[in-house]
Amino acid sequence: MRRLVALPLSKSFQMAYQSIRVRFFRSLVTTTSLILAVAFLTFTQTGNNITEGLVTSQNPEFIQILTKVGYDIPPGTTSIKSSAKQRWIVFLSLLVCVVGIINAQLMSVTERFREIGTLKCLGALDRFIVRIFVIEATMQGLVGGILGALLGTMVALTASIIRFGLSSVSFMPWSEIGATIFYAVTIGTGLSLLGVLYPAIIASRMLPIDAMRVEQ
Amino acid sequence: MTEKKKIVRVTGVTKDFDLGKIVVKVLKGIDLEIEEGRYISIMGPSGSGKSTLFNMIGGLDKPTSGKVFIDEVDIAQLDAYELAWLRCRKIGYIFQTFNLIPVMTALENITIPMTFAGVSNDDALRRGMELLDQVGLTGRHTHRPSELSGGQQQRVAVARALANSPAIILADEPTGNLDLTTGEDIIRLLKELSMERGVTVISATHDYKMLNVSDQVVWIRDGQVDKIQQREELDIRTGGLESATH
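Just so you know, the protein sequences line up as chains A and B, in that order.
Sequential numbering from 67 applies to the first sequence in the working numbering.
Sequential numbering from 11 applies to the second sequence in the working numbering.
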């Protein structure tokens, strides 16, 4: 007879959900850092998308405003090459995103080493533990990513409407903005997973006694 | 009289802790046999290695050399699945710091080991409620650990340890964080359970209250078994020890 221990998938979801719900404030802090990082990234990217859309429109009114705010647009250009400064800002926003999310997730797992050790004493396999954390991180990543992307897009749209007037709405490159939202959500979820996977795998492989001995 | 089954056998176990520059030899060759259904206390001063020995017996840590047999199976030979199964079904753990899962209610804490063991949800809930009754926590099933006192948390931990009807209960200083009377309650509870169910209870402790209920006391000193005393030999000693408890 093969001696097996089991954790049904539905139970894993239930445990992950419960952990988020009960530790609501802690999860909120983690998710908020996710939202802010993704919002910053989306805001920068969507801003670029909109500018590009307006340049493509060749509308002299917009070109004039763009030139005024510092864009260098020679007549006749249909696409704007991202300047070194812009690329730098995108890079920085990505960096903020990576560091913020991974830090938040690392902290939230290391806080729970004792719990992980206890679960192992009760007969949990390494992968049960990793699975619970992955489900948790995916939930937080998706919620944080979607909220963050919507927030970032909304701010960017509002800013451009204020700056260029309502008529700019018809030149918005919606498909590019959609793509930006999609990839921002993906990055947010991916980083949230990355931040949680590393410590969760380390902790799940520890001898239970070492995991429980970790200073809280 | 038939020879009782040896549920735990420890042979030549040593454990070194490598602290970088120096290696601390915590266990220096322990040989021990524990019979089924008895109540064993591992006694010794702090730093004598009793907790380390306890961790070895529970399969929570690996010995540097020597072997630990649970039910005549060498636990060093088990793979991850079998070890998890052993921790789940054969051994129930009770810790000094209770180690309940903080986000779960008392009932959920008790049912996790049963979930791991593949017991259906309904059966696990029913059995969980029975266990709560047995440890005297009827009606507290929706309370989280933070809403329970230390003694009550330890009762939940006792119920959790019993969830899968293990053959062995390992208790590492179960009364260490409890006051005198609460500690006595827990000891009495463990003793009753060991009598009723024939569970082998092994507890590492320096609480002299434990002596009164132990069938056998293993004294550990400086990483070695100092002496093993049977219950009969103990009675003389425990008389005046009430004042020695702390």
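Virtual Cβ for every residue (Gly too), placed ideally from N, Cα, C.
The way I'd put it, the segment 229–241 of chain A does touch the segment 119–131 of chain A; three or more beta-carbon pairs between them come closer than 8 Å.
Contact annotation: the segment 83–92 of chain B does not touch the segment 178–190 of chain A, with fewer than three C-beta pairs closer than 8 Å. Between the alpha carbons of PHE179(A) and SER99(A) lies a distance of about 22 Å. Scanning its chain for C-beta atoms nearer than 7 Å, with the 5 sequence neighbours on each side dropped, one finds around ARG97(B) the residues GLY69, in chain order. DSSP places GLN87(B) outside any alpha helix (DSSP H), giving it a letter other than H or E.
Linking GLU43(B) to VAL20(B) through their CA atoms gives a straight-line distance of about 6 Å. Just so you know, the alpha carbons of LEU208(A) and ALA250(A) end up roughly 10 Å apart. Annotation for GLY57(B): no beta strand (DSSP E) segment contains it, and DSSP assigns it neither H nor E. Listed along chain A, the residues sitting closer than 9 Å to ARG97(B) by beta-carbon distance are VAL71, LYS186, CYS187, LEU188, GLY189, ALA190 and PRO274.
With contact defined as three or more Cβ pairs closer than 8 Å, the segment 125–134 of chain A and the segment 166–177 of chain A are not in contact. Contact residues of the segment 227–257 of chain A toward chain B are absent (C-beta to C-beta distance below 9 Å). Proximity of ILE111(B) to chain A, defined by a Cβ-Cβ separation below 8 Å, is satisfied. Rounded to the nearest angstrom, the gap between the Cα atoms of ARG207(B) and VAL78(B) is 24 Å. Taking the C-beta atoms as reference points, VAL211(B) is found no nearer than 8 Å to ILE101(B). A Cβ-Cβ contact shorter than 8 Å links PRO155(B) with LEU110(B). Under the 8 Å Cβ criterion, the segment 185–204 of chain B does not count as touching the segment 263–282 of chain A, having fewer than three qualifying pairs. The Cβ-Cβ distance between THR152(B) and MET53(B) does not fall below 8 Å.
Interface annotation for the segment 72–92 of chain B against chain A: LYS72, ALA90, TYR91 and GLU92, criterion Cβ-Cβ distance under 9 Å. Taking ILE212(A) as the centre and dropping the five residues before and after it, the same chain places the C-beta of VAL251 closer than 7 Å to its C-beta, in chain order.
Here the alpha carbons of TYR103(B) and ILE120(B) stand approximately 12 Å from one another. Residue pairing by DSSP puts ARG19(B) in a beta bridge opposite GLU43(B) and PHE79(B). Beyond the five residues adjoining it in sequence on each side, MET220(A) comes within less than 7 Å, by CB distance, of no other residue in the same chain. Secondary structure of GLN124(A) (DSSP, three-state): coil. At a cut-off of 8 Å between beta-carbon atoms, GLY128(B) makes contact with chain A. In the three-state scheme derived from DSSP, where H, G and I count as helix and E and B as strand, ARG198(B) is classed as helix.
Contact check for ILE101(A) against GLY256(A) fails: the beta carbons are separated by 8 Å or more. The C-beta of ARG180(A) comes closer than 8 Å to at least one C-beta of chain B.
Spatial neighbours of ASN187(B) in its own chain (CB-CB distance under 7 Å, excluding positions within 5 residues in sequence) are listed in chain order as GLN106, THR107 and GLY160. Partner residues in the beta bridge of ILE238(B), as assigned by DSSP, are VAL228(B). Three or more Cβ pairs closer than 8 Å define a contact, and the segment 225–232 of chain A falls short of that threshold against the segment 75–86 of chain A.
Residue pairing for VAL34(B): DSSP places it in a beta bridge opposite PHE27(B). Selection GLU243(B), PHE126(B), LYS25(B) and ALA181(B) evaluated against MET81(A) yields PHE126(B) as nearest (Cα-Cα). In chain order, ILE275 make up the part of chain A whose C-beta sits under 8 Å from the C-beta of ASN65(B). Taking all protein chains shown into account, GLN162(B) has 16 or more neighbouring C-beta atoms within 10 Å of its C-beta and is therefore buried.
Taking the Cα positions, PRO74(A) is about 35 Å away from THR185(B). GLN84(A) reaches chain B at VAL113, MET114 and GLU118, counting residues in chain order whose Cβ is nearer than 9 Å.
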